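Undergrad: Residue numbers (this note's numbering): 100 to 231.
1) Using only the alpha-carbon positions, how far apart do residue 100 and residue 145 sit?
2) Tell me whether residue 218 is buried or exposed, calling it buried when 16 or more other Cβ atoms sit within 10 Å of its Cβ.
3) Quick check on DSSP: helix, strand or coil for residue 101?
4) Measuring alpha carbon to alpha carbon, tell me which residue in 153, 225, 126 and 148 is nearest residue 142.
5) Beta-carbon separation of residue 212 and residue 160 under 7 angstroms?
6) Would you report the Cα separation of residue 208 and residue 136, rounded to the nearest angstrom?
7) How would you call residue 129, buried or exposed, if buried means at least 16 neighbouring beta carbons within 10 angstroms?
8) Between the Cα of residue 151 and those of 189, 166 and 180, spot the shortest distance and give me the residue it belongs to.
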């Protein structure tokens with residue numbers, strides 16, 4: 100996957116998107132590769148997802164009218180209907196959970212889903228919503 104052949108698009112994870120009402124600088128880049136593969140580059144690490152993984156996130160969020168949690172709680176548990184749980188099941192590993200926030204941020208950037216940051220604490224956090 101040579102960098103020079105791909106158009107890397109700057110993006111920001113949802114937890115960092117707005118701070119004190121101001122946009123925060125991008126913290127990762129992504130690009131669409133061959134056959135719809137999505138490559139995410141965060142610092143020196145690159146992770147690839149299939150088009151099906153990306154569409155699964157959008158479909159999962161779209162099928163829950165009241166929205167779904169993004170991922171893990173502060174204690175490390177994963178809400179049952181969260182995007183993090185979905186990807187853990189799809190990929191069969193917990194190590195993929197952290198990358199789910201990047202996939203969700205890309206979907207928000209592309210205006211395919213919405214989100215709200217409900218703050219910190221029990222029953223709060225980032226929630227993803229279907230586009231109306």
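Positions of the beta carbon are idealized from the N, C-alpha and C atoms, including for glycine. The structure presented is a predicted model; accordingly, all values stated were derived computationally and were not measured.
TA: Considering the structure as presented:
1) For the purposes of this step, residue 100 is identified with residue 1 of the chain shown, where counting begins at 1. For the purposes of this step, residue 145 is identified with residue 46 of the chain shown, where counting begins at 1. Reliability fails at residue 100, whose pLDDT of 49 lies under 50, so the model's placement of it is uncertain and the value that follows must be treated cautiously. Taking the straight line from one Cα to the other gives about 10 angstroms.
2) One-based indexing of the chain shown puts residue 218 at position 119. With fewer than 16 Cβ atoms within 10 Å of its Cβ, residue 218 is classed as exposed.
3) Indexing the chain shown from 1 puts residue 101 at position 2. In this prediction, residue 101 scores a pLDDT of 46, lower than 50, which makes its location untrustworthy; the coordinate-derived value is nonetheless stated afterwards. DSSP places residue 101 in the coil class of the three-state scheme, outside both helix and strand.
4) Mapped onto the chain shown, residue 142 falls at position 43. Restricting attention to 153, 225, 126 and 148, the CA atom closest to the CA of residue 142 is found in 126.
5) Counting from one through the chain shown, the residue named residue 212 turns up at place 113. Counting from one through the chain shown, the residue named residue 160 turns up at place 61. A contact, by the Cβ cut-off of 7 angstroms.
6) Indexing the chain shown from 1 puts residue 208 at position 109. Indexing the chain shown from 1 puts residue 136 at position 37. Between residue 208 and residue 136, the C-alpha separation is close to 17 angstroms.
7) Reading the chain shown from its first residue, position 30 is the one you call residue 129. Residue 129 counts as buried, since no fewer than 16 other beta carbons sit within 10 angstroms of its beta carbon.
8) Within the chain shown, residue 151 is the residue found at index 52, counting from 1. For the residues 189, 166 and 180, the minimum Cα distance to residue 151 belongs to 189.
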